[in-house]
Amino acid sequence: MNSMADALRRAAANAGVQAPADPVAAEDAARTAEGDALPDPLSGPWVALLREHGVDVPTNPTMGQLVQRSDARARALKEGGRRREAEALTREKESFLKARAAKAWSLVKARFAELDLNEKAYRALKQEDADPERVLARLRGSRGEALRGAGAARLREVLA
């Protein structure tokens, strides 16, 4: 499907006609502009503390990389007799992850309301400890639109 859309855009550009932008990318950009983006770990105090302790943070890290490096550094600090610093690093990490999960769940709940989805299914997903970032990613774009008005069983099947 993308190759056909790309071919149409190229043909329109060759003919001098402005092709419409990708609607999914435009929707994501609008959400980010509206403040619907998840907190950025690189601009928070957790990663700043990691850098203070000499941890090499990649340019565009995944959350798994950050958590793994943070846990390793906290363990090294604890083994080196710097227990308070290790606990402070762990506290910052847990605080950031908790805030990020809370924001993700609030965005999932808002998206459920946009798509007229069952609130019981939302609560069931939350109770099952589903990953809110993964659920949010699956609800965005055309995949989420396909779920509009779906029942709780179908939602759990697709989102969990």
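Under numbering that gives the first Met the number 0, the residue at position 55 of the sequence shown is numbered 54, and the numbers go up by one with no gaps.
Glycine included, C-beta positions come from ideal geometry on N, C-alpha and C.
>> Quick check on the DSSP output: the alpha helix (DSSP H) that includes D70 runs from which residue to which?
In response: Note, D70: alpha helix (DSSP H), M62 to E78.
>> In whole angstroms, give me the CA-to-CA distance for G143 and L114.
In response: One C-alpha to the other measures close to 8 Å.
> Applying the criterion that 16 or more other CB atoms from any shown protein chain within 10 Å of the CB defines a buried residue, is P57 buried or exposed?
Replying inline: The residue in question, P57, is exposed, as its Cβ has fewer than 16 Cβ neighbours within 10 Å.
> Under 8 Å between the Cβ atoms of R72 and V54?
Replying inline: Taking 8 Å as the Cβ cut-off, R72 and V54 qualify as a contacting pair.
> Going by C-alpha distance, which of E78, L154 and L41 is nearest L96?
Replying inline: The shortest CA-to-CA distance from L96 to any of E78, L154 and L41 is the one to L41.
>> Using the Cβ count rule (16 or more neighbours within 10 Å means buried), how would you classify R122?
In response: Around the beta carbon of R122, a 10 Å sphere encloses fewer than 16 other beta carbons of the protein chains shown; the residue is thus reported as exposed.
> What's the gap between the Cα of P44 and the Cα of N13?
Replying inline: Take the alpha-carbon of P44 and the one of N13: they are about 49 Å apart.
>> Taking only three categories from DSSP, how would you classify A109?
In response: Here A109 sits in helix by DSSP.
> Rounded to the nearest angstrom, how far is the Cβ of V134 from that of L116, given a contact under 8 Å?
Replying inline: Their Cβ separation, rounded to whole angstroms, is 11 Å, which puts V134 and L116 out of contact at 8 Å.
> When you compare only the Cα positions, how much space is there between V66 and G140?
Replying inline: If you take the alpha carbons of V66 and G140, they lie about 28 Å apart.
>> Does E91 pass the burial test, meaning 16 or more other C-beta atoms within 10 Å, or should it be called exposed?
In response: Classification of E91: buried, given that the 10 Å Cβ count is 16 or more.
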